[in-house]
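A.B. asks:
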Amino acid sequence: MSQGPVLCYLIEPESAALPGRFEPLAVNQPESWRERLSTLGGADLARWHAAPGPLPSGPDAELDRLLLGQPLSRRSLDARIGAVVERVRCDPALAWLAADAAAHCGLSASRFMHLFKAEVGVGWRSFRAWKRARGLLNCVHSGENLTQLALTLGYPDATHFSHAIRQVTGLRPSDIISGSRHLGVWSEIGVSPGAAS
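In the numbering used here, the protein residues as written are 265 to 461.
In structure tokens:
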């Protein structure tokens, strides 16, 4: 069995306004999808990977076009909710309860939770759990042990960390880390080291 790169294209609910019935090309048009993916595996991906620092703003729309056939329209969030999303994106380990985020928005906790779900498409707790668990991907090459990673990502201890990661991903953190030696995470801050492997 040959091994090759695997591309996981993640569309986070707070960043894109998905059409009512979103069907990825991989399911409906496999030949078109393979062709687009092979195009992506060429010069553009190498250029984006080699670029120092943050990714330029263009590749998001270009990747959308290559993988999905068209750029996804960006979700326009209520400014208060957008500020909370950005704060959590910048620091997923931030220990914010719904009441804290609501106070930041000048809303009651119940109104905040209702508005957050309406704007983002997922509830506050699910969003926080996902963002915090997603932070593990940015740390897989750090060399930290599980306890250190747990604290870095805002979990109180390794037990809570392992349980939460397994609940979100279905995998143990140790399995994610050991299976990620060649993982490269492409995000707005750049590409993690494993992508070059």
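Using N, Cα and C, we set each Cβ at its ideal position, and we do this for glycine too.
These figures come from a predicted structure and were not determined experimentally.
Please report the residue range of the alpha helix (DSSP H) in which W360 lies.
C.D. replies: Start at 1 with the first residue of the sequence shown, and residue 360 comes out as number 96. Element bounds for W360: n/a, residue is neither H nor E.
A.B. asks: Output the boundary residues of the alpha helix (DSSP H) element that contains L413.
C.D. replies: Taking the first residue of the sequence shown as 1, we reach residue 413 at position 149. Start and end: 410-416.
A.B. asks: Would you call the stretch 392-402 and the stretch 422-433 touching, i.e. three or more CB-CB distances under 8 Å?
C.D. replies: Look at the beta carbons and you see the stretch 392-402 touching the stretch 422-433: at least three pairs across the two are nearer than 8 Å.
A.B. asks: Can you have a look at P437 and say buried or exposed, based on whether 16 or more other CB atoms are within 10 angstroms of its CB?
C.D. replies: To locate residue 437, count along the sequence shown from 1; it is residue 173. Buried, because 16 or more other Cβ atoms sit within 10 Å of the Cβ of P437.
A.B. asks: Taking the C-alpha atoms as reference points, what is the distance between D439 and P420?
C.D. replies: Against the sequence shown, residue 439 aligns to sequence position 175. Against the sequence shown, residue 420 aligns to sequence position 156. Taking the straight line from one Cα to the other gives about 20 Å.
A.B. asks: Quick check: what's the CA-CA separation for A366 versus T416?
C.D. replies: Working through the sequence shown from its first residue, we reach residue 366 at position 102. Working through the sequence shown from its first residue, we reach residue 416 at position 152. Using only the alpha carbons, I get a separation of about 24 Å.
A.B. asks: Smallest Cα separation from R344: which of Q334, L379, D355?
C.D. replies: Translated into the one-based positions of the sequence shown, residue 344 becomes position 80. Of the residues Q334, L379, D355, the one whose Cα lies closest to the Cα of R344 is L379.
A.B. asks: State the Cα-Cα distance for the pair W360 and D328, rounded to the nearest angstrom.
C.D. replies: As a working mapping, residue 360 is identified with position 96 in the sequence shown. As a working mapping, residue 328 is identified with position 64 in the sequence shown. Whole-angstrom Cα-Cα distance: 32 Å.
A.B. asks: Three-state secondary structure (DSSP) at S372?
C.D. replies: Position 108 of the sequence shown, counted from the first residue, corresponds to residue 372. S372 falls in the coil class under three-state DSSP.
A.B. asks: Look up G346 in the DSSP assignment and say whether it is helix, strand or coil.
C.D. replies: Taking the first residue of the sequence shown as position 1, residue 346 is located at position 82. In the structure shown, G346 sits in a helix (DSSP, three-state: H, G or I).
A.B. asks: Can you give me the C-alpha to C-alpha distance between D364 and S444, rounded to a whole angstrom?
C.D. replies: The count along the sequence shown starts at 1 and reaches residue 364 at position 100. The count along the sequence shown starts at 1 and reaches residue 444 at position 180. Here the alpha carbons of S444 and D364 stand approximately 34 Å from one another.
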